[in-house]
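Participant: Here's a structure for you.
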Amino acid sequence: MEWMNSLFVVPSAMQTVVVLSLICALGLAAGKIRVMGVSLGVAFVFFVGILAGHLGLAVDARMLDYAQSFGLILFVYCLGLSVGPGFFGSLAHEGFALNMWSLAVILIGTAMAVALCPLTGIALPDMAGILCGATTNTPALGAAQQTLSQLGLPHNSTALGCAVTYPLGVIGVILALLVLSKLPAALKVRKSSVSQTENETFIARFNVVNPALEGKNLAEIAAMTHFKFIISRIWRDAEVIVPKSVTQLRMNDRLMVVTHPDEVDALEILFGQRIKEEDWNSSEVDWNALDNKMESRVVVLTRPMLNGKRLGSLHVRHTYRVNISRITRGDIKLLAVPDLRLQYGDRLHVVGDPKAVDEVEAFFGNSVQSLNEPNLAAIFIGIILGLALGAIPVNLPGMSLPVKLGMAGGPIIVGILVGAFGPRFHLITYTTRSASLMLRKLGLSLYLACLGLDSGAHFFETVVRPEGLMWVGVGFILTLVPVLIVGYIAMRIRKFDFGTICGILCGSMANPMALAYANDTIEGDAPSVSYATVYPLGMFARVIIVQVMLMFLL
28 MEWMNSLFVV
38 PSAMQTVVVL
48 SLICALGLAA
58 GKIRVMGVSL
68 GVAFVFFVGI
78 LAGHLGLAVD
88 ARMLDYAQSF
98 GLILFVYCLG
108 LSVGPGFFGS
118 LAHEGFALNM
128 WSLAVILIGT
138 AMAVALCPLT
148 GIALPDMAGI
158 LCGATTNTPA
168 LGAAQQTLSQ
178 LGLPHNSTAL
188 GCAVTYPLGV
198 IGVILALLVL
208 SKLPAALKVR
218 KSSVSQTENE
228 TFIARFNVVN
238 PALEGKNLAE
248 IAAMTHFKFI
258 ISRIWRDAEV
268 IVPKSVTQLR
278 MNDRLMVVTH
288 PDEVDALEIL
298 FGQRIKEEDW
308 NSSEVDWNAL
318 DNKMESRVVV
328 LTRPMLNGKR
338 LGSLHVRHTY
348 RVNISRITRG
358 DIKLLAVPDL
368 RLQYGDRLHV
378 VGDPKAVDEV
388 EAFFGNSVQS
398 LNEPNLAAIF
408 IGIILGLALG
418 AIPVNLPGMS
428 LPVKLGMAGG
438 PIIVGILVGA
448 FGPRFHLITY
458 TTRSASLMLR
468 KLGLSLYLAC
478 LGLDSGAHFF
488 ETVVRPEGLM
498 WVGVGFILTL
508 VPVLIVGYIA
518 MRIRKFDFGT
528 ICGILCGSMA
538 NPMALAYAND
548 TIEGDAPSVS
558 YATVYPLGMF
568 ARVIIVQVML
578 MFLL
């Protein structure tokens with residue numbers, strides 16, 4: 028049985044891999060089990076890790092710390108990379124409001140922690156640790172310990188309070204999301220839970236019956252309005268036209284138009300009449316069956332030199348006499364406007380003469396096979412830059428200690444920046460959706476397995492102590508109540524869809540496991556986008572607030 032001991036008992040690199048792999052495998056398998064229609068998915072890895080730690084499984088502390096850190100870094104960087112293309116659009120559109128809701132969660136939780144000190148008899152340093160564990164924020168714990176050290180106060184119980192409340196801090200957010208999803212208010216916002224960025228285009232047919240457009244070319248019409256639209260085809264009697272900017276409209280022309288969903292009604296007023304006999308946004312539409320003179324083809328951008336170029340600078344319409352009506356980037360459908368920057372892996376919807384489409388296909392590359400080869404070097408370089416950013420100390424006025432983004436904040440910010448602006452510097456950041464999901468899930472599984480294994484060793488023996496039970500209960504309240512209050516109010520106001528609300532709540536609590544649960548149960552990328560939007564500011568706020576709380580109230 029010596030070989031069994033070498034696999035599971037004797038600390039080594041091999042034993043670490045075996046134990047963590049076993050925890051991940053069992054947790055992922057159990058996470059698929061549904062109880063009353065609910066499954067925890069990858070979150071169950073955390074609970075298997077706690078059980079394994081309680082049963083006495085242990086690995087080398089340094090290897091455990093490495094695996095936990097690498098898993099978290101991989102998860103947050105790939106998350107930032109995936110939401111980067113749509114992040115700044117979301118930030119400009121509603122980023123301020125998202126962060127205000129996140130700060131509301133943070134401030135309510137902090138106020139409750141301060142108020143509960145005299146009610147429960149828990150000392151403020153201990154309450155600081157309980158608050159850090161309840162909000163799963165280890166950078167805030169480090170800031171609290173350093174503040175207490177500078178004040179000449181002990182901080183051992185602060186770390187213990189964090190360790191005891193951390194597991195239920197993770198679970199509490201998931202339970203809160205589950206409770207919110209069952210409330211009647213959730214039904215009114217759940218219908219729009221798919222990320223709005225997934226439907227940034229809408230296809231409609233119009234008849235030109237507005238006499239004011241007679242004889243005007245498309246450039247003149249576009250200058251008359253601030254609405255953005257692409258006319259991919261014009262049917263004029265028996266003729267099919269691929270329009271250019273100088274193409275003049277005539278009465279009774281029939282137009283195939285791609286625009287934004289919220290601008291369809293305005294375009295109906297502009298052109299005069301919308302034809303509604305068929306849904307042109309269905310994936311089942313056979314575009315090549317519309318006429319036998321034009322071909323519609325999806326061409327994939329795989330030519331590296333075109334990465335980051337603006338679509339208008341390529342002059343595709345004038346050179347090849349074709350129209351690019353829309354572009355699909357991952358799950359996001361984008362309007363093919365001239366100032367749109369192209370990215371490696373974009374899928375361009377091209378309409379034109381079959382021979383011209385062949386030439387455009389060769390111009391853009393369309394080598395689908397090359398997309399299956401992920402650019403791993405860019406991922407590792409991004410991780411290095413993220414860690415470098417996270418290690419930079421930031422001195423804030425009135426704070427005695429510098430604040431750092433850390434190994435979670437730095438990589439997610441760099442991931443967002445690379446995903447959003449990488450193509451402008453001709454960086455190929457493309458990864459297939461399946462590869463991105465696999466990297467994220469691999470990193471999160473490693474992180475949760477290590478976290479559970481580390482917490483489980485002393486979790487149950489600490490909980491059974493009288494003060495331990497009180498700490499766990501108080502921590503659970505600090506996790507659950509602020510999330511429920513803000514989530515319910517946000518749903519009642521109905522400004523955001525349910526997926527966005529879940530992302531706000533997960534980001535304000537710095538809880539990647541709850542985000543994974545939200546992504547598993549909600550269609551679309553809305554939770555990830557809003558999570559990434561509020562996470563950096565929320566993490567900064569928690570680190571600063573815990574220091575302010577200790578310095579001014581002790």
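First residue of the sequence shown: 28, per the numbering used here; consecutive thereafter. Each residue gets a CB set at the ideal place from its N, CA and C atoms; glycine is no exception.
From the DSSP output, in three-state form, read off SER272 for me.
Facilitator: Looking at SER272 - three-state DSSP - the assignment turns out to be coil, as it is neither helix nor strand.
Participant: Out of THR458, ALA94, GLU388, MET497, state which residue places its alpha-carbon closest to the alpha-carbon of ILE406.
Facilitator: ILE406 has its Cα closest to that of THR458, out of THR458, ALA94, GLU388, MET497.
Participant: Three or more C-beta pairs under 8 Å: does that hold for the stretch 435-451 against the stretch 383-396?
Facilitator: No: the two stretches stay apart, fewer than three of their Cβ pairs being nearer than 8 Å.
Participant: If distances are taken between C-alpha atoms only, which option among ALA568, ARG61, SER272 comes closest to VAL343?
Facilitator: It is SER272 whose Cα lies nearest to the Cα of VAL343.
Participant: Taking MET332 as the reference, give the member of VAL326, LEU341, LEU577 with the closest Cα.
Facilitator: Checked all of VAL326, LEU341, LEU577; the closest Cα to MET332 is LEU341.
Participant: Which same chain residues, not among the five before or five after SER220, have their C-beta less than 6 Å away from its C-beta?
Facilitator: Any reading at SER220 needs caution, since the residue's pLDDT is 43, under 50, leaving its predicted position unreliable; the model's value is listed next. Closer than 6 Å at the Cβ level, and outside the excluded window around SER220, lie ASP524, PHE525, GLY526, ILE549.
Participant: Please report how far the alpha carbon of ASP380 lies from the alpha carbon of GLU121, in whole angstroms.
Facilitator: So the alpha carbons of these two residues sit roughly 42 Å apart.
Participant: Do you know offhand how far MET540's Cα is from THR252's?
Facilitator: Between MET540 and THR252, the C-alpha separation is close to 46 Å.
Participant: Going by beta carbon distance, what residues of the same chain come within less than 8 Å of VAL561, once the five residues before and after it are set aside?
Facilitator: Excluding residues within five positions, the ones whose Cβ falls inside 8 Å are LEU125, ASN126, TRP128, SER129, GLY530, ILE531, GLY534, SER535.
Participant: Do the stretch 70-84 and the stretch 46-56 touch if we need at least three Cβ pairs shorter than 8 Å?
Facilitator: As far as the Cβ criterion goes, the stretch 70-84 touches the stretch 46-56, which means the pair count is three or higher.
Participant: Note down the Cα distance separating ASN164 from VAL491, rounded to an integer number of angstroms.
Facilitator: Each residue's Cα considered, the two are about 24 Å apart.
Participant: Suppose you measure from the CA of MET566 to the CA of THR162; what does that come to, to the nearest Å?
Facilitator: Between MET566 and THR162, the C-alpha separation is close to 10 Å.
Participant: Nearest to PRO211 by CA position, among VAL575, VAL570, TYR515, is which residue?
Facilitator: Minimum Cα distance to PRO211 is reached at TYR515.
Participant: Do the stretch 90-101 and the stretch 491-505 make contact, defined as three or more Cβ pairs closer than 8 Å?
Facilitator: The stretch 90-101, when compared against the stretch 491-505, does not touch it at the 8 Å Cβ threshold.
Participant: Quick check: PHE35 and VAL44, are their CB atoms within less than 8 Å of each other?
Facilitator: Contact: no.
Participant: Let me know the secondary structure DSSP gives THR286 once reduced to three states.
Facilitator: Correct three-state label for THR286: strand.
Participant: Taking 8 Å as the threshold (beta carbon to beta carbon), is ALA404 in contact with chain C?
Facilitator: The chain labelled as chain C is not found in the depicted structure, where only one protein chain is given.
Participant: Which residues does DSSP pair with PHE390 in a beta bridge?
Facilitator: In DSSP, PHE390 forms no bridge with anything.
Participant: Compare the C-alpha of VAL269 against each of LEU511, GLY442, MET465, ILE351 and name the closest.
Facilitator: Measuring from the Cα of VAL269, the nearest candidate turns out to be ILE351.
Participant: Could you tell me which residues DSSP puts in a beta bridge with LYS209?
Facilitator: The partner list for LYS209 (beta bridge, DSSP) is empty, contrary to what the question assumes.
Participant: Can you round the beta-carbon distance between MET278 and PRO238 to whole angstroms, since I take them to be within the 8 Å contact cut?
Facilitator: The Cβ separation is near 7 Å, so the contact holds.
Participant: For the stretch 294-309 against the stretch 229-248, do three or more pairs of beta-carbon atoms, one drawn from each stretch, fall closer than 8 Å, so that the two count as touching?
Facilitator: Taking 8 Å as the limit for Cβ pairs, the verdict is that the stretch 229-248 does touch the stretch 294-309.
Participant: Where does ARG348 sit, in a helix, a strand or coil, going by DSSP?
Facilitator: ARG348: coil per DSSP, three-state reduction.
Participant: Using beta-carbon positions only, say whether THR506 and GLY196 come within less than 8 Å of one another.
Facilitator: Yes; because the gap between Cβ atoms is below 8 Å, this pair is in contact.
Participant: Could you name the residues of the same chain whose beta carbon sits closer than 6 Å to that of GLY199, not counting the 5 residues immediately before and after it, in chain order?
Facilitator: PHE503, THR506, LEU507.
Participant: Would you kindly work out how many angstroms separate the C-alpha atoms of LEU469 and LYS243, rounded to a whole number?
Facilitator: The straight-line gap from Cα to Cα measures roughly 56 Å.
Participant: Buried or exposed, going by whether 16 or more other CB atoms sit within 10 Å of the CB of LYS382?
Facilitator: So LYS382 ends up on the exposed side.
Participant: Report yes if the C-beta distance between VAL584 and VAL445 is below 8 Å; otherwise report no.
Facilitator: As displayed, the chain neither begins before 28 nor continues past 581, which places residue 584 out of reach and without an answer.
Participant: For LEU367, name the three-state secondary structure that DSSP assigns.
Facilitator: Three-state result, LEU367: coil.
Participant: Kindly list the residues whose CB is nearer than 6 Å to the CB of ARG324, restricted to its own chain and excluding five residues on each side of it in sequence; keep chain order.
Facilitator: These residues qualify, in order along the chain: VAL377, VAL384.
Participant: Classify ARG460 as helix, strand or coil using the three-state DSSP reduction.
Facilitator: In this structure, ARG460 counts as helix in the three-state DSSP scheme.
Participant: So what's ASN237 in DSSP terms, helix, strand or just coil?
Facilitator: The answer is coil: DSSP assigns ASN237 none of H, G, I, E or B.
Participant: Taking DSSP's pairing of strands, which residues face GLU322 in a bridge?
Facilitator: Bridge partners of GLU322: GLY379.
Participant: Assuming ILE257 and VAL285 make a contact with CB atoms under 8 Å, what is their CB distance in whole Å?
Facilitator: At roughly 5 Å, the Cβ-Cβ gap stays under 8 Å, so ILE257 and VAL285 are in contact.
Participant: Over the uninterrupted beta strand (DSSP E) stretch that includes GLN300, give me the two end residues.
Facilitator: 299-302 is the span of the beta strand (DSSP E), which, as asked, contains GLN300.
Participant: Just to confirm before moving on: does the CB-CB distance between GLN42 and VAL103 stay below 8 Å?
Facilitator: Going by C-beta atoms, GLN42 is not nearer than 8 Å to VAL103.
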